[in-house]
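Only one structure is covered here, and it is reproduced in the block below.
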Amino acid sequence: MTSPAKDQKEAPSLTPDFEAKADELISHYPASRRSAALPLLHLWQETFGFVSGRGIEWIAAKLAIEPIRILELVTFYPMFRQAPIGRRHIRVCRTLSCALAGARELHAELCRRTGASGDPHAPLTSPDGEYTIEFVECLASCGTAPVAMADDRLIERANLPEKIEACLSHRD
Numbered sequence: 010m011t012s013p014a015k016d017q018k019e020a021p022s023l024t025p026d027f028e029a030k031a032d033e034l035i036s037h038y039p040a041s042r043r044s045a046a047l048p049l050l051h052l053w054q055e056t057f058g059f060v061s062g063r064g065i066e067w068i069a070a071k072l073a074i075e076p077i078r079i080l081e082l083v084t085f086y087p088m089f090r091q092a093p094i095g096r097r098h099i100r101v102c103r104t105l106s107c108a109l110a111g112a113r114e115l116h117a118e119l120c121r122r123t124g125a126s127g128d129p130h131a132p133l134t135s136p137d138g139e140y141t142i143e144f145v146e147c148l149a150s151c152g153t154a155p156v157a158m159a160d161d162r163l164i165e166r167a168n169l170p171e172k173i174e175a176c177l178s179h180r181d
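For the sequence shown, my numbering begins at 10 and goes up steadily by one.
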């Protein structure tokens, strides 16, 4: 997966508390331990910020399945990240209503203001690590397009100047 030295930085240690939480999650699936894969992935990401190669290996071993089965889940579900993100996470809807209302321009402006650059089809993190900006599919507010989510807060009509600032400062 990844080098052990790199993964040591990603997850310094698995605490007894983490292990206990994992075991408790698995106990909810006595008929098929494999069914605990998604809850364990969520636990790993909530604890360490993303699902590392070490996480994939650890969860697979814990469930006595091949690591590819866990990697399949991580790469299929868009809520799982395989790399760290910035302290602030801004998601810009790119589906039709938002695209027509200026989502691409909103994304470009957020990147310009934060210094995030690269392939716009991938999450972009600012050089200072403060912001990660990414396109996502529907955020379910088509009537107030374009929309964005700043961390867990929905920002409607996000291309208005004060709303762009709200995306960056976490204010409405």
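The C-beta atom is built at its ideal place from N, Cα and C for all residues, glycine as well.
In this text, all values refer to a predicted model and were calculated from it rather than measured experimentally.
Please classify Ala40 as buried or exposed, where buried requires at least 16 other C-beta atoms within 10 Å of its C-beta.
So Ala40 ends up on the exposed side.
In this structure, how does DSSP classify Leu169 when only helix, strand and coil are distinguished?
The answer is coil: DSSP assigns Leu169 none of H, G, I, E or B.
Please work out which residues of its chain come closer than 7 Å, Cβ to Cβ, to His98, disregarding the five sequence neighbours upstream and downstream, and give them in chain order.
Cβ within range, chain order: Thr141 and Asp160.
Starting from the C-beta of Ala31, find all residues in its chain whose C-beta is less than 7 Å away, skip the five residues before and the five after it, and write them out in chain order.
The answer, listed in chain order, is Leu49, Leu52 and Lys71.
Would you list, in sequence order, the uninterrupted alpha helix (DSSP H) runs of no fewer than 4 residues that lie entirely inside the stretch 73–131?
Complete alpha helix (DSSP H) runs here, min 4: 76–85, 105–110 and 112–123.
Specify the secondary structure class of Ala14 as computed by DSSP and reduced to three states.
Only weak support exists for where Ala14 lies, its pLDDT of 39 falling under 50; the value from the coordinates is given anyway. The answer is helix: DSSP assigns Ala14 an H, G or I state.
Contact check, Cys107 vs Ala149 under 8 Å by CB: the rounded distance?
So it is not a contact: roughly 11 Å between Cβ atoms.
State the CB to CB distance for the pair Leu177 and Arg121, rounded to an integer number of angstroms; the pair is presumed to be in contact (CB under 8 Å).
The pair is not a contact, with the Cβ atoms about 11 Å apart (cut-off 8 Å).
Go to Glu143, then tell me how far its beta strand (DSSP E) extends in each direction, as first and last residue.
Unbroken beta strand (DSSP E) run through Glu143: Tyr140 to Val145.
Leaving out five residues on either side along the sequence, give the residues of the same chain with a beta carbon under 7 Å from the beta carbon of Ala125.
Correct list, in chain order: Leu133, Thr134, Ser135, Tyr140 and Ile142.
Where DSSP assigns a beta bridge to Arg162, which residues make up the other side?
Arg162 pairs with Ala159.
Relative to the C-alpha of Phe89, which candidate in Glu174, Ser22, Asp26 and Gly58 has its C-alpha closest?
The shortest Cα separation from Phe89 among Glu174, Ser22, Asp26 and Gly58 belongs to Gly58.
Verify whether the separation of the beta carbon atoms of Glu146 and Thr104 is less than 8 Å.
Yes, they are a contact pair.
Tell me which residues share the same chain as Phe47 and place their Cβ nearer than 7 Å to its Cβ, disregarding the 5 neighbours each side in the sequence.
Correcting the residue type first, residue 47 is Leu in the shown sequence and not Phe. So the qualifying residues of the chain are Leu82.
Skipping 5 residues on each side, what residues in its chain have a beta carbon closer than 6 Å to that of Asn168?
These residues qualify, in order along the chain: Gly111, Leu115 and Pro155.
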